[in-house]
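Visitor: In the working numbering, the protein residues as written are 29 to 253.
Backbone N, C-alpha and C fix where the C-beta goes; we use that ideal spot for every residue, glycine too.
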Ligand code: SAH
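1. Three or more C-beta pairs closer than 8 Å, one from the region 115-123 and one from the region 178-192: is that the case here?
2. Is it buried or exposed for residue 181, if we count other Cβ within 10 angstroms and need 16 for buried?
3. Quick one: is the Cβ of residue 249 within less than 6 Å of any heavy atom of the ligand SAH?
4. Please list, in chain order, all residues of the same chain as residue 218 whose beta carbon is under 6 Å from its beta carbon, the five residues on each side excluded.
5. So which of 220, 222, 238, 221 has the shortest CA-CA distance to residue 228?
6. By a C-beta neighbour count over all protein chains shown, 10 Å radius and 16 as the cutoff for buried, is residue 42 buried or exposed?
7. Tell me, please, whether the CB atom of residue 100 is closer than 7 Å to any CB atom in chain C?
8. Do residue 80 and residue 88 have their C-beta atoms within less than 7 Å of each other?
9. DSSP on residue 239, reduced to helix/strand/coil?
10. Please report the residue range of the alpha helix (DSSP H) in which residue 112 lies.
11. Taking residue 47 as the reference, give the member of 86, 66, 226 with the closest Cα.
12. Can you give me the start and stop residues for the beta strand (DSSP E) that residue 144 sits inside?
13. Can you name, in chain order, every residue of its own chain whose Cβ lies under 8 Å from the Cβ of residue 199, other than the five neighbours on each side?
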């Protein structure tokens with residue numbers, strides 16, 4: 029796995045953004061039921077404070093969602109860990125599609141674990157700043173696109189796994205169609221206040237849906253911003 033700390037002093041962090049702060053967060057995730065060592069190790073390394081506004085950096089290692097501008101949020105660390113764990117549990121995917129790049133944090137976590145990540149974001153400004161961060165952190169196995177992610181990324185399909193970080197009212201057929209036969213999709217689904225985290229996999233009979241609990245995500249919107 030990449031070590032980020034030697035690249036740039038701002039990557040290392042200090043005080044509230046130090047390695048100790050990251051360690052405490054990860055210990056907390058483990059205590060709250062995150063078991064996958066691979067996920068915990070990545071989150072221990074990755075400087076989440078770089079993915080949010082400097083004014084909020086001191087809160088980067090609290091287990092909470094934070095605003096990233098444009099009315100969007102960086103997901104709560106526990107939810108990032110849970111979704112990542114759910115996505116790689118049965119089999120480590122090789123190629124993953126993410127819908128909703130946002131700050132780029134979830135994408136960066138995935139990029140440390142799998143061969144290639146494809147990520148789609150509808151707000152250009154967020155995408156640009158995520159791309160800058162990937163470059164700064166030396167993350168080179170991410171391809172990103174400014175588009176409506178509800179349509180997936182047909183040219184690159186099929187994907188071994190698909191993750192949505194914004195909640196739709198239903199699962200998009202276009203996305204299910206881009207999943208490899210033994211693939212896995214993890215997504216928040218439902219209206220505000222009543223969202224469930226779903227994991228969808230196919231068996232011989234068809235799609236198998238599994239609920240992983242209640243969550244609260246920003247909505248999956250149409251078009252590009
Ligand atoms: N994975 C992000 C979470 C960001 S919040 C992170 O780790 O920071 C969800 C993101 O989904 C927002 O940036 C929002 O603009 C984006 N989004 C919402 N609807 C979308 C759509 N149809 N296509 C692509 N991105 C979408």
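Guide: Concretely, from the data shown:
1. Verdict: yes, contact present.
2. buried
3. yes
4. Answer for residue 218: 224, listed in chain order.
5. 238
6. Burial call: exposed.
7. Absent from the structure is chain C; it holds one protein chain and no more.
8. yes
9. strand
10. 105-116
11. 86
12. Boundaries of the beta strand (DSSP E) around residue 144: 144-149.
13. 213, 215, 217, 226, 228
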